[in-house]
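Read the structure below first, then the notes.
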Amino acid sequence: MKIVNDSTCSWINDLTSRTNIKSLESNEDSEWLIIGAGYTGLSAARKLAQLYPDQKIIIIDAQLAGEGASSRNSGYLVDTTLNDGFTSNKDLDNYKKKTEIYNLGINVVKKFINDYQVDCDWNDCGKYFASSKKEDEKTLINFSETLKKLDFEHNLLSNHELSKRLGTNFYNVALHTKGGVLLHPGKLVRAMIDVLPKNVCLYENSSLLSWGKTKDIISCEFKNGKINTKKIIFATNGFLKSLGIKSNYNFPITLTASMTRPLTENEFKAIGQPKEWGVLPVRPMGATIRMTKDKRILVRNTAEVHNPFKMSKFDLQKRSINQKIGIKKRFPQLPEDIIQSSWSGVVSRTRNSSQIFEKIDKNIFAAGCYNGSGIGVGTLFGEQIAIKASEENSKEIKIIEARNKPTWLPPQPFLNLGVKTRLIYERLRARSEI
Ligand SMILES: Cc1cc2nc3c(=O)[nH]c(=O)nc-3n(C[C@H](O)[C@H](O)[C@H](O)COP(=O)(O)OP(=O)(O)OC[C@H]3O[C@@H](n4cnc5c(N)ncnc54)[C@H](O)[C@@H]3O)c2cc1C
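Going by the numbering used here, the first residue of the sequence shown is number 8, and it counts up by one from there.
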């Protein structure tokens, strides 16, 4: 099936259009093939090119490189998470392992932007976990205990301080973590495309239709060509399942977001001229809200089981109305019609919110399923899966492989039924927080 994207993502539309876009139009042989050109695939390509400057590396994407979830996310490079998936973080040891991976993720993105002098609106201002419900203070106090044990600098805040910092009276309780970065996701992934070395060949608008392995060669069929490769890395995240990768361990979830136009000086004054900030919800299905560096407001408040290949204009508009309500609740003093664009994006989830990082078979590798932490963890896993595919090891791989492995999922229709029921329950619990 063809991936059909909306063309209305603000992050993508902020960038200049790319030229020199090539599609696969012939048959090719290569040492290495990477499927998917988001943070994961591009980072794998960059690392392989460093390790094998004389070998041919092909990276291929069904759409334009970087224009999947990697440009469509909310731009939180996280050090900690409160709601990542369908399980809570009760187990301290597991949570510690998770945050070690997040920390490696932040460091690898930091190194990338320093090495290549990338401007991606990096702001290490931390982030808030916030709620309008006073009763959520209990959750935040428990979370604070966990963070204390792991030495994460943070503080709890109440309504008065929050309204000064955020420019809205909506929130009553919050926990601010000092760690964590806000950035422009589109600028980051564009930089990863721009720095691809010469021995990496990027093909776009070329969807992998089928693949198979005969002896030691992996054959991949595309609409206008075929690639035979010795080694392959699947980096298609929300589309791993559709390619038969770890099918019983991951499933796609579609998210939608909207962004306003930049606020005018008067509008910005009316909300108290806050500095850039990012809020994550305390309840899993609540809204992610950001005030960007250039005074735009981003809101992401849906997550659902939906056809990952396409969302119709009509469906997107319906979700955008939800986002308009989310902005109105928080900023009643702003005009009604300030949303400039709305878009959808696809992520991949596992049952226990653990990531996929694996050798699937001889010479076949896969990395993905980061829930809300794909900026850092995707960049990290991309580089490290390239090292693993080279039959090498690293201290990072040891840390990654010490995490819990994804757990088995029931087959359809039970899977969709279970996920939908859970999402409905979470949506009801978070209806005040959209
Ligand atoms: C609305 C939204 C908000 C989010 N917010 C955050 C956030 O704040 N912080 C955070 O860390 N993460 C966030 N995420 C998640 C994050 O965006 C992803 O985890 C991350 O982009 C994954 O990167 P990736 O390279 O693995 O996958 P992707 O960027 O999805 O790249 C996979 C690529 O594979 C390609 N592909 C799929 N099928 C095929 C095929 N058959 N043939 C060829 N190519 C194929 C796709 O076209 C796509 O470009 C969010 C995601 C969304 C959608």
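Think of the CB as a built atom: it goes at the ideal place given N, C-alpha and C, for glycine as much as any other residue.
Along the chain, where does the beta strand (DSSP E) containing residue i start, and where does it finish?
i: Asn162; result: 161-165
Quick one: grab the DSSP three-state call for residue i.
i: Thr94; result: Summary for Thr94: the model assigns pLDDT 43, below 50, so the residue's position carries little reliability, and this model does not support an answer.
i: Leu182; result: strand
i: Gln347; result: strand
i: Phe338; result: coil
i: Ile148; result: helix
i: Ile10; result: coil
i: Lys248; result: helix
i: Phe364; result: strand
i: Leu40; result: strand
i: Lys171; result: helix
i: Leu416; result: coil
i: Gly112; result: helix
i: Ile239; result: strand
i: Glu74; result: coil
i: Lys205; result: coil
i: Glu35; result: strand
i: Asn130; result: strand
i: Ser214; result: coil
i: Leu84; result: strand
i: Ser355; result: strand
i: Gly375; result: strand
i: Thr23; result: coil
i: Thr15; result: coil
i: Phe5; result: Not covered by the structure: residue 5. The range shown for the chain is 8 to 441.
i: Leu157; result: coil
i: Leu2; result: Missing from the structure shown is residue 2; the chain here goes from 8 to 441 and no further.
i: Lys369; result: coil
Going by beta-carbon coordinates alone, are residue i and residue j separated by less than 7 Å?
i: Val426; j: Val312; result: yes
i: Asp98; j: Gly186; result: no
i: Pro259; j: Val353; result: yes
i: Val202; j: Ala56; result: no
i: Leu209; j: Ile66; result: yes
i: Thr357; j: Asn257; result: yes
i: Ile252; j: Ala396; result: no
i: Tyr109; j: Ser360; result: no
i: Ala409; j: Gly293; result: no
i: Gly383; j: Val116; result: yes
i: Gly389; j: Thr47; result: yes
i: Ser139; j: Asn179; result: yes
i: Gln340; j: Ala264; result: no
i: Ile200; j: Ala72; result: yes
i: Gly193; j: Ile19; result: yes
i: Phe246; j: Met8; result: no
Since residue i and residue j are thought to touch, with beta carbons under 8 Å apart, how far apart are those beta carbons, to the nearest angstrom?
i: Lys230; j: Ser214; result: 7 Å
i: Pro281; j: Leu173; result: 6 Å
i: Ser226; j: Asn235; result: 5 Å
i: Leu189; j: Phe150; result: The Cβ separation is near 20 Å, so there is no contact.
i: Lys63; j: Glu38; result: 5 Å
i: Ile363; j: Gly375; result: 5 Å
i: Pro288; j: Thr295; result: 7 Å
i: Ser355; j: Leu323; result: Contact doesn't hold; Cβ gap of about 20 Å is too wide.
What residue range does the alpha helix (DSSP H) around residue i cover?
i: Tyr432; result: 421-436
i: Ile67; result: Taken as a continuous stretch (DSSP letters only), Ile67 belongs to no alpha helix (DSSP H), being part of the beta strand (DSSP E) at 64-67.
i: Gly383; result: 381-396
i: Met199; result: 192-201
i: Lys405; result: 402-408
i: Gly48; result: 46-58
i: Ser226; result: Ser226 -> not in any alpha helix (DSSP H); beta strand (DSSP E) instead, spanning 224-229.
For residue i, verify whether its CB is less than 6 Å away from any heavy atom of ligand 3.
i: Phe241; result: Looking at this structure, you won't find ligand 3 anywhere; what it does contain is ligand 1.
Contact criterion: CB-CB distance below 7 Å. Does residue i meet it with respect to chain D?
i: Val180; result: Any reference to chain D falls outside this structure, which holds one protein chain only.
Write down every uninterrupted run of the alpha helix (DSSP H) in the stretch 244-331 whose length is 4 residues or greater and which is fully enclosed by it, in chain order. Listed in chain order, the complete alpha helix (DSSP H) runs (minimum 4 residues) inside the stretch 244-331 are 272-277.
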